[in-house]
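Engineer:
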Amino acid sequence: MARPETPQPENWRSAWVAALDALDADVVLVEELLADAQRVRDLPLSDPWSPPAGLGPLPLDLRPRADAILARQLHATRQLTLAIAANRKQAAFAARVEAGGYGKAPPSYVDRAM
Numbered sequence: 001m002a003r004p005e006t007p008q009p010e011n012w013r014s015a016w017v018a019a020l021d022a023l024d025a026d027v028v029l030v031e032e033l034l035a036d037a038q039r040v041r042d043l044p045l046s047d048p049w050s051p052p053a054g055l056g057p058l059p060l061d062l063r064p065r066a067d068a069i070l071a072r073q074l075h076a077t078r079q080l081t082l083a084i085a086a087n088r089k090q091a092a093f094a095a096r097v098e099a100g101g102y103g104k105a106p107p108s109y110v111d112r113a114m
């Protein structure tokens, strides 16, 4: 089995910078989607990221940036989870109110003038 070729040192760093740029762009998209609920319905999320073939190990000087992107991804994931849960609770509450299933019969109007 052929082993993927490790890029040359100058290409290795630039390949990692490009890969981190792609991850950073994905996180920015999720952060923007969280900030604007209308866009959540209109724009699909991008495909999951996987490192390009033959990228090699992450250069040590790029580790802080990669860690920061990961922290932002985890935060965005938590925020999405909370937003989805809140949306489901609100939808369930609205369905109970609209259907009159909140424990009491829905109010009715009786015209006594007749």
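Under our numbering, residue 114 is the last one in the sequence shown; the count climbs by one each step, no gaps.
Think of the CB as a built atom: it goes at the ideal place given N, C-alpha and C, for glycine as much as any other residue.
Quantities reported herein were computed from a predicted structural model and do not represent experimental measurements.
1) Do you know whose CA, among Asn11, Ala35, Trp16, lies nearest arginine 63's CA?
2) Does the pairing of the stretch 77 to 89 with the stretch 53 to 69 give three or more beta-carbon distances under 8 Å?
3) Look at the alpha carbon of aspartate 21 and the alpha carbon of glutamine 73, and state the distance between them as a whole number of angstroms.
4) Classify leucine 33: buried if its beta carbon has 16 or more other beta carbons within 10 angstroms, exposed otherwise.
5) Spatial neighbours of proline 51 within its chain, please: CB distance less than 8 Å, with the 5 preceding and 5 following residues excluded, ordered by chain position.
6) Near tryptophan 49, which residues of its chain fall below 7 Å by C-beta distance, leaving aside the five closest residues on each side in sequence?
7) Going by DSSP in three states, valine 110 sits in which element: helix, strand or coil?
8) Does DSSP put methionine 1 in a helix, in a strand, or in coil?
9) Should isoleucine 84 go down as buried or exposed, given a rule of 16 or more other Cβ atoms within 10 Å for buried?
Structural biologist: Short version:
1) Its Cα nearest to that of arginine 63, the residue Trp16 stands out among Asn11, Ala35, Trp16.
2) With a cut-off of 8 Å, the stretch 53 to 69 and the stretch 77 to 89 do not count as touching, because too few Cβ pairs lie within range.
3) Rounded to whole angstroms, the separation of the alpha carbons of glutamine 73 and aspartate 21 is 13 Å.
4) Sixteen is the threshold: when 16 or more other Cβ atoms of the shown chains lie within 10 Å of the Cβ of leucine 33, as they do, the residue is buried.
5) Excluding residues within five positions, the ones whose Cβ falls inside 8 Å are Ala19.
6) So the qualifying residues of the chain are Ala22, Leu23, Asp26.
7) Correct three-state label for valine 110: coil.
8) Note on methionine 1: pLDDT 47, under 50, position unreliable in the model; the coordinate value appears next. Three-state result, methionine 1: coil.
9) Its Cβ having fewer than 16 others within 10 Å, isoleucine 84 is exposed.
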